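One structure is given here, and the rest of the page talks about it.
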Amino acid sequence: MKQPSWLHWQPQFHWTDDKIRVHALIGVLAVALAHLLRREVARAGIDLSLPQLLHDLTEVQEVL
11 MKQPSWLHWQ PQFHWTDDKI RVHALIGVLA VALAHLLRRE VARAGIDLSL
61 PQLLHDLTEV QEVL
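Sequential numbering from 11 applies to the sequence shown in our numbering.
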């Protein structure tokens, strides 16, 4: 979570404290959900790194 490539704080186009907190919360939730997804995929017996998993998910065009 401390890697700058995973949790971007910039650009941040918010000026009020509340909006900055929400921006931070959404970022941390996204990282937590991504790691939970990777854990579930690993439990299913699929060995993918988190970057590869996220890349594969971006290629999904349709879900039935």
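Yeah, the Cβ is synthetic: ideal placement off N, Cα and C, and Gly gets one too.
What you are looking at is a predicted structure, and each value in this text was computed from that prediction instead of being measured.
Which of helix, strand or coil DSSP assigns to residue i
i	result
G55	coil
Q71	coil
Residue nearest to residue i in terms of C-alpha spacing, selected from the options
i	options	result
Q62	W25, L39, H45, D27	H45
Own chain partners of residue i with C-beta closer than 6 Å, once the 5 adjacent residues on each side are dropped
i	result
E50	none
Sequence-distant residues of the same chain with beta carbon closer than 8 Å to residue i, five excluded per side
i	result
D27	none
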